[in-house]
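Chemist: Have a look at the structure that comes next, please.
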Amino acid sequence: MKVLKSKSGITILFKPVPGKLVDIKHFVNCGCMDEHEPHEEGLCHALEHMYFAGTEERTWEDIVREFRLAGAESNAWTDYQYTAYGSLVPKSHWEEALAIQSDLIYNSTFPEDRWETVEKHAVINEILANNDEDYWYLEEMGYRSALGPSYHDPVGSVEAITKASVKDLRKFSDRYYRGRNIFLAVAGDLTPKEVLKAVNRVDQWTNKRPKKRVDPVTVYNAQPLHLKKEDMGQSLVMLIKPVKDFHTTKELVGSRIALGVLHDYLYREIRDIRGLCYDIEPDFFDDYPDYDYLHIITACEHKNLQTLIKEIVQALERFPRHGLTSNKIEEARMVYTREAMTGENDVEKVTNEMGNLYLQGRKTDPFDLAFHGAKNVSDALIKRVAKENFAGNMKLITVVDSACEKD
2 MKVLKSKSGI TILFKPVPGK LVDIKHFVNC GCMDEHEPHE EGLCHALEHM
52 YFAGTEERTW EDIVREFRLA GAESNAWTDY QYTAYGSLVP KSHWEEALAI
102 QSDLIYNSTF PEDRWETVEK HAVINEILAN NDEDYWYLEE MGYRSALGPS
152 YHDPVGSVEA ITKASVKDLR KFSDRYYRGR NIFLAVAGDL TPKEVLKAVN
202 RVDQWTNKRP KKRVDPVTVY NAQPLHLKKE DMGQSLVMLI KPVKDFHTTK
252 ELVGSRIALG VLHDYLYREI RDIRGLCYDI EPDFFDDYPD YDYLHIITAC
302 EHKNLQTLIK EIVQALERFP RHGLTSNKIE EARMVYTREA MTGENDVEKV
352 TNEMGNLYLQ GRKTDPFDLA FHGAKNVSDA LIKRVAKENF AGNMKLITVV
402 DSACEKD
């Protein structure tokens with residue numbers, strides 16, 4: 002990965018990747034963590050919609066048409082720490098897509114009629130659709146209970162979006178969509194010279210000081226949470242616990258390999274041997290400062306809920322002794338390496354990984370990190386990381402059908 006600077010001063014993360022497609026992403030270091038008040042919940046998500054609503058030179062229809070003429074698949078999403086705007090485009094038309102995307106980032110006009118008649122309702126409907134999705138409900142309510150009022154999902158709340166005006170969106174955008182908060186990631190079969198030439202032609206970045214981020218304060222609540230929801234075909238289960246924030250490269254890579262070992266062990270014990278679920282997914286929620294969180298999510302028939310919970314808890318107790326074998330660690334190490342090899346040739350994954358690492362203050366190539374880290378991390382470190390972070394009590398969240406008796 003190369004870190005370049007345009008004439009205007011914008012940082013460009015670039016990695017040459019052979020192939021016929023180029024991926025272009027503008028990252029904005031602004032996510033739902035920057036929404037500190039209830040009335041702000043979802044403003045980042047709303048901005049993501051409105052940056053496609055029109056610029057000084059292009060209507061929303063022009064934007065759609067020009068992206069399609071370039072063969073580009075344009076998209077955007079809001080995360081906890083950032084918002085990303087991306088275009089996946091044939092190499093022959095990547096400069097056109099870059100020009101359109103740059104226009105959106107620097108010259109959006111936020112037309113009020115578009116917000117009030119179209120995009121506001123689109124955002125609200127997206128929130129409502131998520132509320133209807135059982136697993137989203139499990140995670141949202143679970144993390145709100147575990148982390149307190151400072152946590153909310155990037156999609157936002159219906160109440161805040163209903164009241165939000167274009168003036169509110171402009172004010173929020175002006176705080177964060179500026180200066181060093183904006184950077185660019187490009188991956189494709191290009192040279193640094195070609196990238197700089199194209200960016201210099203269209204970029205309008207200015208070094209305006211963004212509002213300083215104030216990280217949310219979370220106080221972990223380990224009390225169980227039992228929820229009911231109508232028309233649930235299965236009962237849902239999530240367990241959460243805080244884990245160490247992995248600072249060193251070896252700890253970071255070791256934690257991911259250890260997570261792979263845990264996944265394989267739980268899948269074998271809970272799914273393959275006992276048939277209590279279709280799948281079981283341990284993963285890290287690592288978007289908040291200071292702490293990461295381990296969560297385990299699965300689902301089962303209503304009648305098997307208590308048995309499933311009991312078996313997961315017992316499997317976690319057995320894991321340090323029976324699951325962390327050298328053979329299982331080597332299997333997970335090879336899977337981790339293969340996934341890195343697969344991602345290295347996927348331009349969308351490349352820009353995602355470059356952007357994420359840069360936001361963490363890392364300027365190393367994300368795939369070099371994976372390859373070298375996987376080779377250099379010892380079994381002893383992986384076992385230590387797993388034993389320190391995967392053992393102990395976990396907060397339990399269950400969601401059952403409202404027709405079921407409360408456990």
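The sequence shown begins at 2 in our numbering and counts up by one.
Built from N, CA and C at the ideal position, the CB exists for glycine as well.
Any chance you could list the beta strand (DSSP E) runs of at least 3 consecutive residues sitting entirely within the stretch 234 to 284, in chain order?
Modeler: Whole beta strand (DSSP E) segments, 3+ residues: 236 to 244.
Chemist: CA-CA distance, K6 and F15?
Modeler: Taking the straight line from one Cα to the other gives about 10 Å.
Chemist: Does DSSP put A223 in a helix, a strand or coil?
Modeler: The answer is coil: DSSP assigns A223 none of H, G, I, E or B.
Chemist: So for H303, helix, strand or coil by DSSP?
Modeler: Note: H303 maps to helix in three-state DSSP.
Chemist: Three-state secondary structure (DSSP) at S166?
Modeler: Looking at S166 - three-state DSSP - the assignment turns out to be coil, as it is neither helix nor strand.
Chemist: Just to check my reading of the structure: M233 and D402 have Cβ atoms closer than 8 Å, yes? What is that Cβ distance to the nearest angstrom?
Modeler: Their Cβ separation, rounded to whole angstroms, is 4 Å, which keeps M233 and D402 in contact under 8 Å.
Chemist: Beta carbon of L397, beta carbon of I298: below 9 Å?
Modeler: No, they are not a contact pair.
Chemist: By DSSP, does Y86 sit in helix, in strand, or in coil?
Modeler: Reduced to three states, the DSSP call for Y86 is strand.
Chemist: Using the DSSP secondary-structure output, state which residues sit across from K6 in a beta bridge.
Modeler: DSSP output for K6 lists T12 as bridge partner(s).
Chemist: Exposed or buried, what is M342 when buried is set at 16 or more other beta-carbons lying within 10 Å of its beta-carbon?
Modeler: It counts as exposed.
Chemist: Taking the straight line between their C-alpha atoms, what separation do you get for L99 and K26?
Modeler: Going from the Cα of L99 to the Cα of K26 covers about 9 Å.
Chemist: What first and last residue would you give for the beta strand (DSSP E) that runs through V378?
Modeler: It is not in any beta strand (DSSP E) - V378 carries neither H nor E in the DSSP assignment.
Chemist: Here's the rule I'm using: 16 or more other beta-carbon atoms within 10 Å means buried, otherwise exposed. How should G362 be labelled?
Modeler: The residue in question, G362, is exposed, as its Cβ has fewer than 16 Cβ neighbours within 10 Å.
Chemist: Cα-Cα, which of E97, M239, S75, F68 is closest to D280?
Modeler: Comparing Cα positions, the closest option is M239.
Chemist: Within 8 Å, do at least three Cβ pairs link the stretch 113 to 129 to the stretch 191 to 198?
Modeler: At 8 Å Cβ cutoff, the stretches do not touch.
Chemist: Below 8 Å on the Cβ atoms is my contact criterion, and I expect F391 with L317 to pass it. Report the Cβ-Cβ distance as a whole number of Å.
Modeler: Going by Cβ atoms, the distance from F391 to L317 rounds to 7 Å, so yes, they are a contact pair.
Chemist: Near H227, what residues of its chain come up, given a Cβ to Cβ distance below 6 Å and the 5 sequence neighbours on each side ignored?
Modeler: The answer, listed in chain order, is T399.
Chemist: Determine the contact status of K198 and P91, defining contact as a CB-CB distance below 9 Å.
Modeler: The answer is no: Cβ separation not under 9 Å.
Chemist: Determine the direct distance from the alpha carbon of A186 to that of P367, and round the result to whole angstroms.
Modeler: Going by the C-alpha atoms only, they are around 13 Å apart.
Chemist: Report buried or exposed for T79, applying the criterion of at least 16 other Cβ atoms within 10 angstroms of its Cβ.
Modeler: Burial call: buried.
Chemist: Please classify M335 as buried or exposed, where buried requires at least 16 other C-beta atoms within 10 Å of its C-beta.
Modeler: With fewer than 16 Cβ atoms within 10 Å of its Cβ, M335 is classed as exposed.
Chemist: Between V196 and V215, what straight-line distance do the alpha-carbon atoms span, to the nearest angstrom?
Modeler: Those two C-alpha atoms are separated by around 34 Å.
Chemist: Can you confirm whether the stretch 147 to 158 touches the stretch 63 to 77 when touching is taken to mean that 3 or more C-beta pairs between the two stretches lie within less than 8 Å?
Modeler: At 8 Å Cβ cutoff, the stretches do not touch.
Chemist: Who pairs with S75 in a beta bridge, going by DSSP?
Modeler: DSSP output for S75 lists S88 as bridge partner(s).
Chemist: Give the single residue among R179, G32, D104 whose Cα lies nearest to the Cα of T12.
Modeler: Checking every option, the nearest Cα to that of T12 belongs to R179.
Chemist: If you follow the beta strand (DSSP E) that A186 is part of, which residue opens it and which one closes it?
Modeler: Taken as a continuous stretch (DSSP letters only), the beta strand (DSSP E) holding A186 covers 183 to 189.
Chemist: Can the beta-carbon of A300 be found closer than 9 Å to that of Q235?
Modeler: Yes, the Cβ-Cβ distance between A300 and Q235 is below 9 Å.
Chemist: Rounding to the nearest angstrom, what Cα-Cα distance links V244 and P225 in this structure?
Modeler: Their Cα atoms are separated by approximately 18 Å.
Chemist: For G143, which residues from the same chain have a beta carbon less than 7 Å from its beta carbon, with the 5 sequence-adjacent residues on both sides left out?
Modeler: Same-chain partners within the cutoff: L226, M239, I241, I398.
Chemist: Suppose the cutoff is 7 Å on Cβ atoms and the five residues either side in sequence are ignored; what does the same chain contact list for W95 look like?
Modeler: Excluding sequence neighbours, W95 sits near V23, I25, G189.
Chemist: Could you name the residues of the same chain whose beta carbon sits closer than 6 Å to that of N30, not counting the 5 residues immediately before and after it, in chain order?
Modeler: Closer than 6 Å at the Cβ level, and outside the excluded window around N30, lie Y83, N182.
Chemist: How about the stretch 256 to 270 and the stretch 377 to 391: do they share at least three Cβ pairs that are nearer than 8 Å?
Modeler: With the cut-off at 8 Å, the stretch 256 to 270 and the stretch 377 to 391 touch.
Chemist: May I ask which residues mark the beginning and end of the alpha helix (DSSP H) holding D135?
Modeler: 135 to 148 is the extent of the alpha helix (DSSP H) around D135.
Chemist: Along the chain, where does the alpha helix (DSSP H) containing L397 start, and where does it finish?
Modeler: Run containing L397: none in the alpha helix (DSSP H); it sits in the beta strand (DSSP E), 396 to 402.
Chemist: For R339 and K376, I'd like the C-alpha separation in whole angstroms.
Modeler: Looking at the two C-alpha atoms, the distance is approximately 12 Å.
Chemist: Between G32 and K364, what straight-line distance do the alpha-carbon atoms span, to the nearest angstrom?
Modeler: Cα-Cα distance, rounded: 21 Å.
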